[in-house]
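S.K.: Count along the sequence shown from 1, add 198, and you get the number used in this note's numbering. Think of the CB as a built atom: it goes at the ideal place given N, C-alpha and C, for glycine as much as any other residue. These figures come from a predicted structure and were not determined experimentally. The structure follows.
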Amino acid sequence: MSSSSAFSEEKGGSSSVGEPEYGHDPASGGIFSSDYKRHDDLKEMLDSNKDSLKLEAMKRIVAMIARGKNASDLFPAVVKNVACKNIEVKKLVYVYLVRYAEEQQDLALLSISTFQRGLKDPNQLIRASALRVLSSIRVTIIVPIMMLAIKEAASDMSPYVRKTAAHAIPKLYSLDPEQKDQLIEVIEKLLADKTTLVAGSVVMAFEEVCPERIDLIHKNYRKLCNLLIDVEEWGQVVIINMLTRYARTQFLNPNVNETLLEEGGGGEKTFYGSDEDEDEEDEEKEKKAEAAAMAKRKPYVMDPDHRLLLRNTKPLLQSRNAAVVMAVAQLYFHLAPKAEVGVIAKALVRLLRSHSEVQYVVLQNVATMTIKRRGMFEPYLKSFYIRSTDPTQIKILKLEVLTNLANETNISTILREFQTYIKSMDKDFVAATIQAIGRCATNIGEVRDTCLNGLVQLLSNRDELVVAESVVVIKKLLQMQPEKHSDIIKHMAKLTDNIQVPMARASILWLIGEYCEHVPKIAPDVLRKMAKSFTNEEDIVKLQILNLAAKLYLTNSKQTKLLTQYVLNLAKYDQNYDIRDRARFIRQLIVPIEKSGALSKYAKKLFLALKPAPVLESPFKDRDHFQLGSLSHLLNAKAGGYQELPDWPESAPDPSVRNVEVPEWTKCSSREKRKEKKVEKPFYSDSDGESGPTESADSESDSGSGSESGSEESRSGSESEESDEASMSEEEEEEDEEEKKPKKRELKKPMHESKSEQSSEEEDRKRERKGKQRQSESESESEEQEESESESSQSESESDSESEAEVKKKKKAAESKPPSKPIKKETKKEKKEMSLLDLDDFEPTPSPQVTPVNNLLSNSLVTDLEGLSLSDAVLSPATIAPSSALKSYELLHRITGEGLSVEYCFSRQPFSPDANMVAVQMHFTNNSASDTKSLHMEDVKLHSGMRVKEFQEIELLPAGETATAVMGIDFCDSTQAANFQLCTHTRKFFVSIQPPVGELMRPVFLTENEFKKEQGQLMGMNEITEKLTLDAKCRNEHTIVQRVTTAANLSRVPCGSDKECRFAGRTVTSGSLVLVTVASREEGAAQLTVNCEKMLIGTMLVKDILLALTQ
199 MSSSSAFSEE KGGSSSVGEP EYGHDPASGG IFSSDYKRHD DLKEMLDSNK
249 DSLKLEAMKR IVAMIARGKN ASDLFPAVVK NVACKNIEVK KLVYVYLVRY
299 AEEQQDLALL SISTFQRGLK DPNQLIRASA LRVLSSIRVT IIVPIMMLAI
349 KEAASDMSPY VRKTAAHAIP KLYSLDPEQK DQLIEVIEKL LADKTTLVAG
399 SVVMAFEEVC PERIDLIHKN YRKLCNLLID VEEWGQVVII NMLTRYARTQ
449 FLNPNVNETL LEEGGGGEKT FYGSDEDEDE EDEEKEKKAE AAAMAKRKPY
499 VMDPDHRLLL RNTKPLLQSR NAAVVMAVAQ LYFHLAPKAE VGVIAKALVR
549 LLRSHSEVQY VVLQNVATMT IKRRGMFEPY LKSFYIRSTD PTQIKILKLE
599 VLTNLANETN ISTILREFQT YIKSMDKDFV AATIQAIGRC ATNIGEVRDT
649 CLNGLVQLLS NRDELVVAES VVVIKKLLQM QPEKHSDIIK HMAKLTDNIQ
699 VPMARASILW LIGEYCEHVP KIAPDVLRKM AKSFTNEEDI VKLQILNLAA
749 KLYLTNSKQT KLLTQYVLNL AKYDQNYDIR DRARFIRQLI VPIEKSGALS
799 KYAKKLFLAL KPAPVLESPF KDRDHFQLGS LSHLLNAKAG GYQELPDWPE
849 SAPDPSVRNV EVPEWTKCSS REKRKEKKVE KPFYSDSDGE SGPTESADSE
899 SDSGSGSESG SEESRSGSES EESDEASMSE EEEEEDEEEK KPKKRELKKP
949 MHESKSEQSS EEEDRKRERK GKQRQSESES ESEEQEESES ESSQSESESD
999 SESEAEVKKK KKAAESKPPS KPIKKETKKE KKEMSLLDLD DFEPTPSPQV
1049 TPVNNLLSNS LVTDLEGLSL SDAVLSPATI APSSALKSYE LLHRITGEGL
1099 SVEYCFSRQP FSPDANMVAV QMHFTNNSAS DTKSLHMEDV KLHSGMRVKE
1149 FQEIELLPAG ETATAVMGID FCDSTQAANF QLCTHTRKFF VSIQPPVGEL
1199 MRPVFLTENE FKKEQGQLMG MNEITEKLTL DAKCRNEHTI VQRVTTAANL
1249 SRVPCGSDKE CRFAGRTVTS GSLVLVTVAS REEGAAQLTV NCEKMLIGTM
1299 LVKDILLALT Q
């Protein structure tokens, strides 16, 4: 039965086999046949008692809908099966109802009680489908029922149902906007949801219903930042766009000082250059005001929450979804400090390999970015070269980008490209290329003449469009220096006979009129020719003929008086009222009669005033006031539903609004059984997510609270369920410690209280300080540890700017706390610490790391003591020496160098002129009998992206003497060699410097929690693990640390386990994090783990460290 019915269904005819089939093809005549038997077989199957037949019928109906066929007449037969017991049938019935409920509202309303029952179904898919159907019935009568259903679904156990509830919110809001207040309550509830499935949908509902309620986001900000990586792609786009607007209202502009300097360039001059003296005075006043504003402005310190957003969105630049990459790019463009925006360039260039639609959107945004941040895309210039297969609109956008990127260094390459493009068959593209050449010529004075000559050559082109466009561009270029180019004006005057394009004819006439004194013989003749053809010209040309006549009448009235009157008479009776009006106006102005007013005296000044040369600007110049990536930006017009990007606030709003307090029940001791269990971190875990680097730092910068609020809030922030357990188990361990030590309980007591009020915090801290004289050293150390952790966990930008002040504060703090234990133990610890540290004396240290060795202390206390500074001596740079001598490499042998030998080493000092460069120290020795003069570098050959800062020339190196110089090389995070010539006054030597991978890093200081969190985010392909057997001499902790830090410029990270050594650093150029862990096992076995964002660097580093540890 089913096969025959399937056949008849396909044909769309009746179900009986013997009858001829009538299809819906108009040629078959079936269009006039009765349609009452249509779908009868499906209706029979839906009415049968067998679930298998119903399921078959529903599958075929859903297939029809998928193919775009109308199945609405089956609605009564389908809706009866809502109450079907079979779950598979029920699911398909709901799929059908979601599609047709809006069209067949009356019939759907009859089954509303069934949908309500469906909301209580044990199957989550049925509950979600019932809610979806209910929200698809667009009838105001059932608004209260929908509201109730949404509220219930928002509290559902299943994240899928909660997600559906979030989808239903905008539907209900569009049906009845008066429900807004109740819906906001539901949104607030769903925003607190911890699952990634719900996050994107509820933020979408928030954007639709109440985008102005920023206060709902405060408490959920850190959670959204940390969940972002795991949300589905379209949810990521919505969240990123919302967080961009949020950040613009809550954080300070990171480029505030730079924008002030840029604006200080002086205001625009008036159009005709009048009132110059007044302008100068105004400019001076403005400069003074700006200087005062700069003096008042405090040095910028980035909010840790701002840094959290930038850090958590950066990995999404590698997303496979172009919309996500575009969203992150616009976030970085609008929010990141200028130095960090560059990371988005590579990701956007990658998108240019995608479909033409994606290319179009990306290029629109790149064109806007290149106007303000040109340097960002300069390394990728060749990616914007035009292919013959590109569609016209892509070609024109690429031209726009190339023109924006043009500067003195690359203009010759770009002009060679443009030269090729002019030969294209695509006329629109050729016209755009000629305009681009014009823009390059106006922006870069050095190539103006070259461009002008090239454009003049195009005037002899066969193609009229090319000639016309060239004329228009030449006209603009000639305005800059007309006196030099009277030949070109004469040449263009001859073209009036041939060129028919109105805009080009108008441009030539304007040029001749404007500079008629340069061509006094030709101009009247051109007017004569134009007067002949006046009636047949286009309006734009007629207006320019009138202008030409007026200008010639004023400068050469003898020859042109009658011609001008003739032209004015023709214009007087023209069909176009603009031309008639212009003719009357000009006649009154230049032909004085008794009635004419006072203006006629100034006719010459009006017509022959000096006009400023036009500025050829990019059409994308002012587009950045729209949010990048938005439809409004694409159209350059405000689209419906677009929300303006807010301006940066003048002063930072209170950051404490984003702090989340821990509810009391999380501290309940009912979970004590889990105390001993080790909680493993999930993939991309953020168990320390908001805690370490964000909240502790935030609370410190906000209220000045030291250890208590920092460590308390660090627990309050964790949002994932696993991280909740982890943080609870940590708390319980601490509570266990409290039971053992009553004194310690007194110290930690304030940690269990709310830290929202600053005053109570300060009182608590005062109480603790008074009691510190009586406490044992371990207690003072644990307090000091927490304080140092909260300080060191701030974002890098903050620690850089404030490090010196922090070090001074901590020195004072260390002096003010007299140790109560004997000095012997302390010196032992200090010696141990000295051997473990590998800090260069140039690096400001927020908290020097130490691994205390004390068997009497419990494990949790050992963890408390990590990162502790024990004495003032530890902080003084003099006592911290590099663990090993720096390795030297030979650059030039004394035999090859004819007596001159050169060695170099990587000094591991920051290179002050440019932080992105590796400092290379060079040691010159003159072994010859004669003096060496003028030691310098020439002919530097580098791979793309690399840069070199040359050492200062050594004018004289006497025989037998030595000299040292420092140069900087940006290796662009690669181990490719920098090649150059080392020159003396007589000879040149070809040399090259190739860095080991370990020298491409700089040490960073992380707490244990930060290290674990960052390691959790660099799993999968970013993690390399190798097993090894340690060399017999390398089985103690001290030697492992020494060898690893010799192989790579990393810093030690504190660790609770004495079987594990951890190290951290960032690559010098891109700032990519590098984490190294060496875990020792029995009998010299060990495991080396390297986590790095750049897989190539990670692979090379593993080989180098393996070699160092097994030698």
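For G1158 and D1256, I'd like the C-alpha separation in whole angstroms.
M.R.: The count along the sequence shown starts at 1 and reaches residue 1158 at position 960. The count along the sequence shown starts at 1 and reaches residue 1256 at position 1058. Each residue's alpha carbon lies about 50 Å from the other.
S.K.: Would you check if the distance between the CB atom of N1125 and the CB atom of S1086 is smaller than 8 Å?
M.R.: Walking along the sequence shown from the start, residue 1125 turns up at place 927. Walking along the sequence shown from the start, residue 1086 turns up at place 888. The answer is no: Cβ separation not under 8 Å.
S.K.: If you compare alpha carbons, which of P853, R1241, A1163 and A1245 is closest to P1193?
M.R.: As a working note, residue 1193 is residue 995 in the sequence shown. For the residues P853, R1241, A1163 and A1245, the minimum Cα distance to P1193 belongs to A1245.
S.K.: Grouping DSSP H, G and I as helix and E and B as strand, with all else coil, what is I1295?
M.R.: In the sequence shown, residue 1295 corresponds to position 1097, counting from 1. I1295: helix per DSSP, three-state reduction.
S.K.: Do K1313 and N279 have their CB atoms nearer than 8 Å?
M.R.: The structure shown has nothing for residue 1313, since the chain only spans 199 to 1309.
S.K.: Identify whether I1152 lies in helix, strand or coil by the three-state DSSP scheme.
M.R.: Counting from 1 along the sequence shown, the entry for residue 1152 is found at position 954. Three-state DSSP puts I1152 in a strand.
S.K.: Which one of R1200, D413, A397 and A543 has the shortest CA to CA distance from G1143?
M.R.: One-based indexing of the sequence shown puts residue 1143 at position 945. Measuring from the Cα of G1143, the nearest candidate turns out to be A543.
S.K.: Could you name the residues of the same chain whose beta carbon sits closer than 7 Å to that of R571, not counting the 5 residues immediately before and after it, in chain order?
M.R.: The sequence position of residue 571 within the sequence shown is 373, counting from 1. Closer than 7 Å at the Cβ level, and outside the excluded window around R571, lie V539.
S.K.: Considering only residues of the same chain and omitting the five flanking positions on each side of T590, which have a CB-CB separation below 8 Å?
M.R.: By 1-based counting over the sequence shown, the position of residue 590 is 392. If we look at T590 and ignore the five residues flanking it on each side, its Cβ neighbours are D624, D626 and F627.
S.K.: I'd like to confirm the pairing. Which residues does DSSP put opposite A1163 in its beta bridges?
M.R.: As a first step, residue 1163 is located in the sequence shown; it is residue number 965 there, counting from the start. In the DSSP output, where bridge partners are listed per residue, A1163 has M1120.
S.K.: Reducing DSSP to helix, strand and coil, say where N1289 ends up.
M.R.: Against the sequence shown, residue 1289 aligns to sequence position 1091. N1289: strand per DSSP, three-state reduction.
S.K.: Taking 8 Å as the threshold, find out whether the segment 383-402 comes into contact with the segment 418-430 through three or more Cβ pairs.
M.R.: Enough Cβ pairs lie closer than 8 Å, so yes.
S.K.: Once DSSP output is grouped into helix, strand and coil, what is the label at T694?
M.R.: By one-based count along the sequence shown, residue 694 stands at place 496. Of the three classes helix, strand and coil, the one that applies to T694 here is helix, per DSSP.
S.K.: Grab me the residues of S333's own chain with a C-beta within less than 7 Å of its C-beta, minus the 5 sequence neighbours each way, in chain order.
M.R.: For this step, residue 333 is matched to residue 135 along the sequence shown. Closer than 7 Å at the Cβ level, and outside the excluded window around S333, lie M344, A366, K369 and L370.
S.K.: With respect to the beta strand (DSSP E) encompassing K278, which residues constitute its N-terminal and C-terminal limits?
M.R.: Along the sequence shown, read from residue 1 onward, the residue named residue 278 stands at position 80. Note, K278: premise wrong, no beta strand (DSSP E); not H, not E.
S.K.: Counting only the same chain and skipping the five closest in sequence on each side, list residues whose C-beta sits under 8 Å from that of F163.
M.R.: Nothing can be reported for residue 163, as the shown portion of the chain is limited to 199 through 1309.
S.K.: Take the Cβ of Q1312 as the centre, count every other Cβ of all protein chains shown within 10 Å, and call the residue buried at 16 or more, exposed below.
M.R.: Any question about residue 1312 goes unanswered here, given that the chain covers just 199 to 1309.
S.K.: So within the segment 691-742, which uninterrupted alpha helix (DSSP H) runs reach at least 4 residues, ignoring any that extend past its ends?
M.R.: Correct list: 700-712 and 720-730.
S.K.: As a quick exercise: from V1138, D776, G1097 and L709, pick the residue whose alpha carbon is nearest that of D1129.
M.R.: Here residue 1129 refers to the residue found at position 931 when the sequence shown is read from its first residue. Answer by Cα proximity: G1097.
S.K.: Got a sec? Which residues, its chain only, sit under 6 Å from V1288 by beta carbon, not counting five neighbours each side?
M.R.: As a first step, residue 1288 must be located in the sequence shown, where it is residue number 1090. Closer than 6 Å at the Cβ level, and outside the excluded window around V1288, lie I1222, V1274, G1296, L1299 and V1300.
S.K.: Relative to the C-alpha of T447, which residue among D845, K1210 and V1146 is closest?
M.R.: Numbered from its first residue, the sequence shown carries residue 447 at position 249. Of D845, K1210 and V1146, the residue nearest in Cα terms is D845.
S.K.: Along the chain, where does the alpha helix (DSSP H) containing M256 start, and where does it finish?
M.R.: Counting from 1 along the sequence shown, the entry for residue 256 is found at position 58. D249 to A264 is the extent of the alpha helix (DSSP H) around M256.
S.K.: So is K692 buried or exposed if we call it buried at 16+ other beta carbons inside 10 Å?
M.R.: Residue 692 sits at position 494 when you count from the first residue of the sequence shown. Classification for K692: exposed.
S.K.: Buried or exposed for V813, going by 16 or more other Cβ atoms inside 10 Å?
M.R.: Residue numbering aside, residue 813 sits at position 615 when the sequence shown is read from its first letter. V813 comes out exposed.
S.K.: CB-CB under 7 Å to L1294, same chain, minus the five flanking residues each way: which ones, in chain order?
M.R.: The residue given as residue 1294 occupies position 1096 in the sequence shown. So the list is empty, once near-sequence residues are dropped.
S.K.: Over what stretch of residues does the alpha helix (DSSP H) that includes M574 continue unbroken?
M.R.: As a working note, residue 574 is residue 376 in the sequence shown. Counting along the chain, the alpha helix (DSSP H) containing M574 begins and ends at R572 to F575.
S.K.: Going straight from the alpha carbon of R1260 to that of V1251, what length do you get?
M.R.: On the sequence shown, residue 1260 is found 1062 positions in, with the first residue counted as 1. On the sequence shown, residue 1251 is found 1053 positions in, with the first residue counted as 1. Whole-angstrom Cα-Cα distance: 5 Å.
S.K.: Is A837 helix, strand or coil by DSSP?
M.R.: In the sequence shown, counting from the first residue as 1, residue 837 sits at position 639. DSSP places A837 in coil when its eight states are reduced to three.
S.K.: If you reduce the DSSP assignment to three classes, tell me which class P368 lands in.
M.R.: What you label residue 368 is simply residue 170 of the sequence shown in a count that begins at 1. Correct three-state label for P368: helix.
S.K.: Counting only the same chain and skipping the five closest in sequence on each side, list residues whose C-beta sits under 6 Å from that of Q1285.
M.R.: Here residue 1285 is taken as the residue at index 1087 of the sequence shown, counted from 1. These residues qualify, in order along the chain: K1225 and A1277.
S.K.: Between the alpha carbons of M567 and F531, how many angstroms are there, rounded?
M.R.: Counted from its first residue, the sequence shown places residue 567 at position 369. Counted from its first residue, the sequence shown places residue 531 at position 333. Going from the Cα of M567 to the Cα of F531 covers about 8 Å.
S.K.: Between which residues of its own chain and I612 is the CB-CB distance below 6 Å, once the five residues before and five after are set aside?
M.R.: On the sequence shown, residue 612 is found 414 positions in, with the first residue counted as 1. Around I612: L600 and A604.
S.K.: Straight-line CA distance for E667 to T607?
M.R.: As a first step, residue 667 must be located in the sequence shown, where it is residue number 469. As a first step, residue 607 must be located in the sequence shown, where it is residue number 409. Their backbone Cα atoms lie some 27 Å apart in a straight line.
S.K.: Classify L1271 as helix, strand or coil using the three-state DSSP reduction.
M.R.: Taking the sequence shown and counting its residues from 1, the one referred to as residue 1271 is at position 1073. DSSP places L1271 in strand when its eight states are reduced to three.
S.K.: For H1134, write down the residues that DSSP places opposite it in a beta bridge.
M.R.: Looking up residue 1134 in the sequence shown gives position 936. Its beta-bridge partners are C1181.
S.K.: Using CA coordinates, which residue listed in A281, D238, N284 and K288 is at the minimum distance from A269?
M.R.: Translated into the one-based positions of the sequence shown, residue 269 becomes position 71. Cα-wise, what sits closest to A269 is D238.
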